[in-house]
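Peer 1:
6 protein chains.
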Amino acid sequence: MNSPMNQLGIVKRNIVRADKAAVEKLSRFGVATVHEAMGRVGLMQPYMRPIYASAHACGTAVTVLLHPGDNWMMHVAAEQLQPGDVAVAACTADNTDGFFGDLLATSFKARGARALVIDGGCRDVKALAAMGFPVWSRAISAKGTVKATLGSVNIPVVCAGALVHPGDAIVADDDGVVCVPRAMAATTLAAAAKREANEGDKRAKLAAGVLGLDMYGMRQPLAAAGLRYVD
Amino acid sequence: MNSPMNQLGIVKRNIVRADKAAVEKLSRFGVATVHEAMGRVGLMQPYMRPIYASAHACGTAVTVLLHPGDNWMMHVAAEQLQPGDVAVAACTADNTDGFFGDLLATSFKARGARALVIDGGCRDVKALAAMGFPVWSRAISAKGTVKATLGSVNIPVVCAGALVHPGDAIVADDDGVVCVPRAMAATTLAAAAKREANEGDKRAKLAAGVLGLDMYGMRQPLAAAGLRYVD
Amino acid sequence: MNSPMNQLGIVKRNIVRADKAAVEKLSRFGVATVHEAMGRVGLMQPYMRPIYASAHACGTAVTVLLHPGDNWMMHVAAEQLQPGDVAVAACTADNTDGFFGDLLATSFKARGARALVIDGGCRDVKALAAMGFPVWSRAISAKGTVKATLGSVNIPVVCAGALVHPGDAIVADDDGVVCVPRAMAATTLAAAAKREANEGDKRAKLAAGVLGLDMYGMRQPLAAAGLRYVD
Amino acid sequence: MNSPMNQLGIVKRNIVRADKAAVEKLSRFGVATVHEAMGRVGLMQPYMRPIYASAHACGTAVTVLLHPGDNWMMHVAAEQLQPGDVAVAACTADNTDGFFGDLLATSFKARGARALVIDGGCRDVKALAAMGFPVWSRAISAKGTVKATLGSVNIPVVCAGALVHPGDAIVADDDGVVCVPRAMAATTLAAAAKREANEGDKRAKLAAGVLGLDMYGMRQPLAAAGLRYVD
Amino acid sequence: MNSPMNQLGIVKRNIVRADKAAVEKLSRFGVATVHEAMGRVGLMQPYMRPIYASAHACGTAVTVLLHPGDNWMMHVAAEQLQPGDVAVAACTADNTDGFFGDLLATSFKARGARALVIDGGCRDVKALAAMGFPVWSRAISAKGTVKATLGSVNIPVVCAGALVHPGDAIVADDDGVVCVPRAMAATTLAAAAKREANEGDKRAKLAAGVLGLDMYGMRQPLAAAGLRYVD
Amino acid sequence: MNSPMNQLGIVKRNIVRADKAAVEKLSRFGVATVHEAMGRVGLMQPYMRPIYASAHACGTAVTVLLHPGDNWMMHVAAEQLQPGDVAVAACTADNTDGFFGDLLATSFKARGARALVIDGGCRDVKALAAMGFPVWSRAISAKGTVKATLGSVNIPVVCAGALVHPGDAIVADDDGVVCVPRAMAATTLAAAAKREANEGDKRAKLAAGVLGLDMYGMRQPLAAAGLRYVD
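Residue numbers (the working numbering), protein chains in the order written: chain Z, 28 to 258; chain V, 28 to 258; chain B, 28 to 258; chain U, 28 to 258; chain W, 28 to 258; chain H, 28 to 258.
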C-alpha cells in the first residue's frame, strides 16, 4: 500500500474488481439483507440518501478522494470507470458542494458506470432522475466547485464512515449504501441468499398472526432477563 | 405509576385507550389542525418524517421504550397491539439504527396496528410502502439491531420531545406527529371541528383577494405596536 | 438605507423590482446554471428544500423579517405582493415553526405570488402541493405560531446565508435557491444563456464517450500539478 | 392535572417540593451516580452543558414553559422561586436565543434559587460566572428576547428530552442534568449511597491492576457469548 | 458596489473605517448590550465561539471571502490589516477546516489586528491563547488548507448569518459576535451607554428582592393577556 | 485479515506497535504539524474534543469496536493495554452515551494507558481531569451503558472518519486527533521535524512585519490567477 504521504495525487489504473457474477447476483438483494449477511458491518452512515425514490444500484467501486469545493478528480475518475462500476467519492472534509451534475453523469454513464455514491453534494437532480443515473449523497446543492487541487483515484477511502477499497462491491437502495469487501463477495452472497430463503416463511407466519415472541422463541430469554408483565 | 427504578423491564397489558369513536373522527383532521385545537401543544419535533409521501395515520398509542441498537422490545410490543393502535417507540439515547423493517411490519399489521412512530431509524422502506404500512421516524437506516436488553412496553415515554402515555390518541401526516392525551380526545375533536368549520369561509375570502390584515382585523393592533409604512 | 435601529417595524411599499422581461427569461434556467452565471455566488444554503418534488419558481423578491414563533409579518407582507413576486422570509433566529400554511398560501396566490422561500418551517404541505403553490423551507412542521411581535417587510435580509434585497430576482428548483441582485438580472441572463448554449455540445461529446480530461484539456495541468498514474 | 388546552397561561403557586433533607443529601452525588441509581432514566440530552466548568447544583424544580424568542415567563417564574429551587425552563420549539442574563440571575439569586436549567440559550456568561450562578443550557447566545406571549409556570414540562414535574429534584454537574421525580428522592438517595459505597473498593482494586474482567466475573459470560481470542 | 460577477478575485484597498474613537468606546460594552442597543439585530449565529474563555475584542472589520479548504486569501488580507482592525472571514460553503493558525496570527498581530472572526475552523489554539490573539470560530480543527483559489478581501460578506461591510465595527466576547454598521457606531454607542446606565439601578433593586414583575410593571399586561394563577 | 463476517467477537492479542522511540519523539509535535507532515491525511473529524483544556497525548493504538449503548468491550480492551498505549474506540452507530468513566480510567491508567479517544460519550469528566487521564470524545454524557453485546478489540476501525489499525501512532491535543499508520511513524517524524525547523524562522519574519505574500512568493501566482486590487 502506498504511504499516506504519497496518497494524494495518485491514480491507480489496475484494480482488481470483485467477481462480476457474484456482484450481479448480489444486486438481487436489498442493502439491509446484505448488511445483515455481512455480520452487520460495512454500512455507510444514514445521512447518505438517494436523490430520487426507488433508486437501486450494485457494482464495483472506483474510489475518488476529493477536497472540499473541488471536483477535479471526478473528471480523472471518469477515465477509470468500466461497465458495471459504481463511483465512490469521499472528501477530506465535511462538504455539501455540488461536485456532480448532469454533464459528469452523462460521461459516467457513457463509460458504463451505474451510479455515484458521494459523501458530498450533488446537483441537477431533476436531469439525473430523467436520465436514470442514481446518486446517493449527503446533500443536494447547486453550488459549483473549482478544479484546482489534486486528490486521488482508486486509493482506499473512508466514505460516510465506511472503508471502501477499489474493486469492492457496493449495494445501494432506499435504505442506504453498503460496501462488501472484494474478497467477501461470494460468502456474503451465500449468506444473503440463505437469509432471504428464510424470510418468506417467517413473513407468512407473521402475516398469519404468529408472534415473533413465539416464532423466535423469545419468551424464555425475556423472562430470564427479568421481563415482568403487569396489569 | 411505577417508579422509574422499576420502569425498565415492564410490560403493562391493560391500558385504557382513548374513545374509539372519538379517535375515528379525529382521523379526519390534519396534524396542524389537531395541534392548534390542542392549544399548540403535544407536537413531536419536526425531524420526525414519514417514510413515504402522503402517509396519514390515526390511532391509540401502544408505547415502547428501546435502548440504542436493540429492538427486542418491538417484538414484545407486537403482542400488546390491538386493531386501531399506533405503536410509539422512544429510545433512551439518540439513535438512528434500523429498529423496524418489513417482517415486524407484517406482524404489526397482522395485529391490526395502523402505523409506527419511532424516534429512531427504520428500514425496508420500499417494502413498507408497498404494503402500505406507514412509519414516521427520525431516520432511514439499513443498520440492524440486536436483541439483548430489556426496555418496556406501555409506560409513559418522551418521544421526539412529546410526552406520550399508552392509550393516547396519535395523529400523523405529512406535517408531523401530534399526541392527544386520552382524556382530551373528545374536547380536541370538538375544537378541531370548530376550527375547520371556520376555515372554508376564510379560504374563500382569501382566494377572492381579501387580505388577512382586514379579515383578521390586524391593522389597528399593528399600528398600535408601532408598525410604520414607508415609501 | 434605514439604520438597523429603525429596521424593525417597517414596511417599505415602493420597491424597484428587477426587469420583468429579464426575470421571465431567467425562469428558463435552472438554479445551478444561474448560480454559475453569477460567478458562483448568491446561493442559499442547501438545507433549503422544496416541499414537493419538481417544484420550480422564478420571480421578484418581497422580503420579510420574522421573529421565531411569530408569523404576524406574513400577513403584512401579503399586501405588498404583486403578480410575479416570490416572498422571501428570514428569521432573527434559527426556527423551524410552521409559519406558513394553506390559508396564507391561498392569500399569497390570490395576490399573484408565485412561491415562498422561508428560512423556517412550513405546514399543510399536502394542501400546498394540491394547490400548486411551491415553498422552499428549512423544515416542515405543523407547529403553529403567534402574532405578537413586529418584524419588517421589504428590508434587506439574510435568508439561509444569502443576502436578499427587495426586488431581487429569485430562482428556485430541486437544486436549491439562488438570488440574483436586481441590477445583475440582465447580465446574469446573458451569461446563463451563453453557458447553456455550450452545454448541449459538451453533453453530446461526453455521451459519445469523449472524456472531460480531453474535452476540457485537463491532462497537461493535471500533470503539471503532479498527478501520477500508477499500476 | 389541567388539560393541555388549558396549559398555556397558567401559574401554579402551590407545588409540593421533594423532601428538603433528601435533596440536600442527593447533592453529594454526581449526576452519573444519580442516573445509575435511578435505573438509568431521567437524564436530559447531552447537549445541555454548564456555562462554566466545575458547576454543580442540586435543588427542587420550578418549571417554566417558554415560547421561542420570548422570556416573559422567566419574570413570572421568579416570583415562584423559593430558597433551594432550581428553575427548569423548556421551550415549545428548538431555540437558542438568550432568554436569561445577569439581571434575571440577580433576581433568581435574590429569591434563593440555586441554578437554571434551560433548553434554550443564555447570555452574560462572564457575569454569571463572576456571581457564581450556574446555568445549564443548550447554547450561549447574546440574542435578546421579547415579552409578548404567555407560557406557563409549574406545569409538567419536557426539557431536553426529560419529563420534569414541579417539585422534582434536579441534580446537575459537568456530566449533565438528571431529574429525580419527587416521590423517588428517598429511594434514589439510598441507591446512590449504596452504589458509591461500592465504588471505593472497586477503584482501589482497579488501581492495583485487577482487571474488570475478573472483578466483575465477565470472562465466562464473554466466552458464552462467543468471544474469541486470536493471535 | 461591484457586481457579484466581479466579486471574486478582488481586493479593495481603500475602505472607510468606523470612527476610531467611537469604536474604542464601544469596546467597553458587552456583545449583549451592543446587540440590544442596535435594536436586536446584527448578531452572528451562536455557533461562533471564542477559542479560549474570557476573550474580548472590538475593532473595525477587514472582510475576507474564502473557499472551503483554501486559505490563500488570508495572506492577501494580512496586507490590508491596520492597527485596530478585526479580520472577518466568511466562506462560500459550510467548512470547518483549520484556515488559521499561529503563523498567520503572528502576522496579523504584527499588522496591529486585534482578533479574527471566522465562519470556519481554526487551529494551534494553544499557541493562540499563549500569544493572546483571540479568535471566534465555528470549529477548532487541525486540518490544513491549500492555496489555490481566489476569493476576495474587503467586499461585503455574510458571516455566520450577519452581513458585514468592510469598516463596520465588530464587538466579540463570551456571548458571541455582533456587527455594528459603520454609520451606526455613534448612535449605537449612545444607546449602549444609556442602556447600561439603567442597569446598575435595576440590578440593585433585583438584588434587594424587588421582582421584575413589579419593577417592569408586568402584572397588568400579563393579566390582560390572560395569565391565571392557580393553586 | 479476518473477514468482516468474522470481525465481531474477536480480540487480537498480538499486535505490532509502532516503534516506541519514534512515537516518543512524535509526542513533541502538535497534531496540526503531524497532520501536515502526513500530507494532510489521517485526521479525525473536528467534533472530537478533549474533555479538558490543554490535554495532550501520544501513544500506540489499541482499538475497540463498540455497539451503541454498550461498553462491554471496554473491559475486554483493558487487558490488552500496555504502557504507552492509547485506546481508540469506534462505535457501529452514532451514539453519545457515556461509555467511559472514572473506574475504567483507573483501570486503563493502571495498565499504563495514556489516553482514550472515543467516537462516543464520556462521563465523570471532573474526576478524569483530577486524575489527569485525558479523553477525546464526541460528547460528554452521564448516560450509563449495558454490557450485553460483543464487539471486538484490535481490529481495524473507522473512528470519527479516520481509519485506525491497532499499533498505529495516535497524537492528540487541543486541535484534534491524528492517526499515523505504524509504517509511517519514522517518515512522519522526519517530516514533522523538518517542518517545525522552518517555522521558527518564518515566525520571526512574520513577527517583524514581513508579509506572507512576500515571504512565500505569492504575489506573482495571485496576479496570474487574476487577483485585482481596486480602490
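Backbone N, C-alpha and C define an ideal beta-carbon position, used for all residues, glycine too. Fair warning: this is a prediction, and the values are worked out from it, not measured in the lab.
Could I get the ranges of all uninterrupted beta strand (DSSP E) runs contained in the segment 90-154 of chain W, with 3 residues as the minimum, in chain order?
Peer 2: Counting whole runs of 3 or more residues, the segment 90-154 of chain W contains the beta strand (DSSP E) stretches 112-118, 142-149.
Peer 1: Are R55 of chain Z and G194 of chain Z closer than 8 angstroms when you measure CB to CB?
Peer 2: Locating residue 55 of chain Z in the first sequence gives position 28, counting from the first residue. Locating residue 194 of chain Z in the first sequence gives position 167, counting from the first residue. No. Outside cutoff.
Peer 1: Look up D200 of chain W in the DSSP assignment and say whether it is helix, strand or coil.
Peer 2: As a first step, residue 200 of chain W must be located in the fifth sequence, where it is residue number 173. Of the three classes helix, strand and coil, the one that applies to D200 of chain W here is strand, per DSSP.
Peer 1: I'd like to know whether the C-beta of A137 of chain V is nearer than 8 angstroms to at least one C-beta of chain Z.
Peer 2: Counting from 1 along the second sequence, the entry for residue 137 of chain V is found at position 110. At least one chain Z Cβ lies under 8 angstroms of A137 of chain V.
Peer 1: So, at 6 angstroms on beta carbons, what are the nonlocal neighbours of A166 of chain V in its own chain, with the 5 sequence-adjacent residues on each side left out?
Peer 2: Locating residue 166 of chain V in the second sequence gives position 139, counting from the first residue. Counting only Cβ-Cβ distances below 6 angstroms, and skipping sequence neighbours, we find T123, G148.
Peer 1: Kindly indicate the opening and closing residues of the alpha helix (DSSP H) around K229 of chain U.
Peer 2: Mapped onto the fourth sequence, residue 229 of chain U falls at position 202. From DSSP, the alpha helix (DSSP H) with K229 of chain U extends over 212-234.
Peer 1: If the cut-off is 8 angstroms on Cβ atoms, which residues from the segment 93-107 of chain V count as contacting chain H, listed in chain order?
Peer 2: The residues in question are H94, P95, G96, D97.
Peer 1: Rounded to a whole number of angstroms, what is the C-alpha to C-alpha distance between R138 of chain B and F127 of chain B?
Peer 2: The count along the third sequence starts at 1 and reaches residue 138 of chain B at position 111. The count along the third sequence starts at 1 and reaches residue 127 of chain B at position 100. Cα to Cα, the separation comes out at about 15 angstroms.
Peer 1: What do you reckon, are the CB atoms on G125 of chain Z and K153 of chain Z nearer than 8 angstroms?
Peer 2: Mapped onto the first sequence, residue 125 of chain Z falls at position 98. Mapped onto the first sequence, residue 153 of chain Z falls at position 126. Cβ distance not < 8 angstroms, so G125 of chain Z and K153 of chain Z don't count as in contact.
Peer 1: Who pairs with L70 of chain B in a beta bridge, going by DSSP?
Peer 2: Locating residue 70 of chain B in the third sequence gives position 43, counting from the first residue. DSSP, once it has assigned bridges, lists B:V205 as partnering L70 of chain B.
Peer 1: Mapping the DSSP letters down to three states, classify R246 of chain W as helix, strand or coil.
Peer 2: Counting from 1 along the fifth sequence, the entry for residue 246 of chain W is found at position 219. Looking at R246 of chain W - three-state DSSP - the assignment turns out to be helix.
Peer 1: My output table needs one value for G86 of chain H: the three-state DSSP class, helix, strand or coil.
Peer 2: As a position in the sixth sequence, residue 86 of chain H is number 59, starting the count at 1. Residue state, collapsed to three classes: strand.
Peer 1: Short check: CB of R230 of chain Z to CB of A59 of chain B, under 8 angstroms?
Peer 2: Numbered from 1 along the first sequence, position 203 holds the residue referred to as residue 230 of chain Z. Numbered from 1 along the third sequence, position 32 holds the residue referred to as residue 59 of chain B. Contact flag unset, no.
Peer 1: Tell me which same chain residues have a C-beta within less than 8 angstroms of the C-beta of V207 of chain Z, skipping the five on either side of it?
Peer 2: By one-based count along the first sequence, residue 207 of chain Z stands at place 180. Excluding positions up to five away in sequence, the list reads A45, L53, V61, M65, G69, D195, A196, I197, V198, T215.
Peer 1: So what's L274 of chain H in DSSP terms, helix, strand or just coil?
Peer 2: Since the displayed chain H opens at 28 and closes at 258, residue 274 of chain H lies outside it and no answer follows.
Peer 1: What are the boundary residues of the alpha helix (DSSP H) that includes A64 of chain B?
Peer 2: The residue labelled residue 64 of chain B in the question sits at position 37 within the third sequence. From DSSP, the alpha helix (DSSP H) with A64 of chain B extends over 58-64.
Peer 1: Skipping 5 residues on each side, what residues in its chain have a beta carbon closer than 8 angstroms to that of G159 of chain B?
Peer 2: Taking the third sequence and counting its residues from 1, one reaches residue 159 of chain B at position 132. For G159 of chain B, where only same-chain residues beyond five positions count, there are no Cβ hits under 8 angstroms.
Peer 1: So, L35 of chain W versus L249 of chain W, is the Cβ gap smaller than 8 angstroms?
Peer 2: On the fifth sequence, position 8 is the one that residue 35 of chain W refers to. On the fifth sequence, position 222 is the one that residue 249 of chain W refers to. No, these two residues do not count as a Cβ contact at 8 angstroms.
Peer 1: Under three-state DSSP, which class holds A252 of chain H?
Peer 2: Locating residue 252 of chain H in the sixth sequence gives position 225, counting from the first residue. Helix at A252 of chain H.
Peer 1: Straight-line CA distance for P77 of chain W to S164 of chain W?
Peer 2: Here the question's residue 77 of chain W lines up with position 50 in the fifth sequence. Here the question's residue 164 of chain W lines up with position 137 in the fifth sequence. So the two alpha carbons sit approximately 6 angstroms from each other.
Peer 1: If the cut is a Cβ gap below 8 angstroms, which residues of chain Z does V38 of chain V touch?
Peer 2: Against the second sequence, residue 38 of chain V aligns to sequence position 11. L254, R255, Y256, V257, listed in chain order.
Peer 1: Assuming G188 of chain Z and Q72 of chain Z form a contact by the criterion Cβ under 8 angstroms, report the distance between their Cβ atoms to the nearest whole angstrom.
Peer 2: Here residue 188 of chain Z refers to the residue found at position 161 when the first sequence is read from its first residue. Here residue 72 of chain Z refers to the residue found at position 45 when the first sequence is read from its first residue. About 5 angstroms separates the two Cβ atoms, so the contact holds.
Peer 1: Return the CA-CA distance between E106 of chain U and L238 of chain W, expressed in angstroms with no decimal places.
Peer 2: The residue you call residue 106 of chain U lines up with position 79 of the fourth sequence. The residue you call residue 238 of chain W lines up with position 211 of the fifth sequence. Each residue's alpha carbon lies about 7 angstroms from the other.
Peer 1: Between the C-alpha atoms of D97 of chain U and Q247 of chain H, what's the straight-line distance to the nearest angstrom?
Peer 2: Translated into positions along the fourth sequence, residue 97 of chain U becomes position 70. Translated into positions along the sixth sequence, residue 247 of chain H becomes position 220. So the two alpha carbons sit approximately 54 angstroms from each other.
Peer 1: Rounded to the nearest angstrom, what separates A116 of chain Z and L131 of chain B at their Cα positions?
Peer 2: Numbered from 1 along the first sequence, position 89 holds the residue referred to as residue 116 of chain Z. Numbered from 1 along the third sequence, position 104 holds the residue referred to as residue 131 of chain B. Computed Cα separation, rounded: 43 angstroms.
Peer 1: Does any residue of chain V have a CB that is nearer than 8 angstroms to the CB of T123 of chain U?
Peer 2: To locate residue 123 of chain U, count along the fourth sequence from 1; it is residue 96. So no, T123 of chain U is outside the interface.
Peer 1: Taking all protein chains shown into account, do 16 or more other C-beta atoms lie within 10 angstroms of the C-beta of A156 of chain W, making it buried, or fewer, making it exposed?
Peer 2: Residue 156 of chain W sits at position 129 when you count from the first residue of the fifth sequence. By the 10 Å Cβ count, A156 of chain W comes out buried.
Peer 1: Considering Cα atoms alone, identify which of B:A142, B:V191, B:V180 is closest to N41 of chain B.
Peer 2: In the third sequence, residue 41 of chain B corresponds to position 14, counting from 1. The option with the nearest alpha carbon to N41 of chain B is B:V180.
Peer 1: For I167 of chain V, would you say it is in contact with chain Z, using Cβ-to-Cβ distances shorter than 8 angstroms as the test?
Peer 2: Looking up residue 167 of chain V in the second sequence gives position 140. Yes, I167 of chain V lies at the interface with chain Z (some Cβ there is under 8 angstroms from its Cβ).
Peer 1: Looking at L233 of chain W and T87 of chain U, is the spacing between their C-beta atoms short of 8 angstroms?
Peer 2: Position 60 of the fourth sequence, counted from the first residue, corresponds to residue 87 of chain U. Position 206 of the fifth sequence, counted from the first residue, corresponds to residue 233 of chain W. Result no, Cβ atoms of T87 of chain U and L233 of chain W do not sit closer than 8 angstroms.
Peer 1: Per the DSSP calculation, P161 of chain V is bridged to which residue(s)?
Peer 2: Mapped onto the second sequence, residue 161 of chain V falls at position 134. P161 of chain V pairs with nothing; no bridge assigned.
Peer 1: Interface residues of chain B around K170 of chain U at Cβ under 9 angstroms?
Peer 2: Position 143 of the fourth sequence, counted from the first residue, corresponds to residue 170 of chain U. Correct list: T119, A120.
Peer 1: Mind listing the chain H neighbours of V173 of chain V? Cutoff is C-beta to C-beta under 8 angstroms, in chain order.
Peer 2: In the second sequence, the residue the question calls residue 173 of chain V occupies position 146. Ordered by position in chain H, the residues that pass the 8 angstroms Cβ test against V173 of chain V are H94, A175, T176.
Peer 1: Please list, in chain order, the chain W residues whose beta carbon lies closer than 9 angstroms to that of N41 of chain U.
Peer 2: Start at 1 with the first residue of the fourth sequence, and residue 41 of chain U comes out as number 14. Within 9 angstroms Cβ-Cβ: V257, D258.
Peer 1: Check whether the Cβ of G57 of chain U lies closer than 8 angstroms to any Cβ atom in chain V.
Peer 2: Here residue 57 of chain U is taken as the residue at index 30 of the fourth sequence, counted from 1. No, no contact with chain V.
Peer 1: Output, in chain order, the set of chain W residues within a Cβ distance shorter than 8 angstroms of T133 of chain U.
Peer 2: Along the fourth sequence, read from residue 1 onward, the residue named residue 133 of chain U stands at position 106. R230, L233, A234, listed in chain order.
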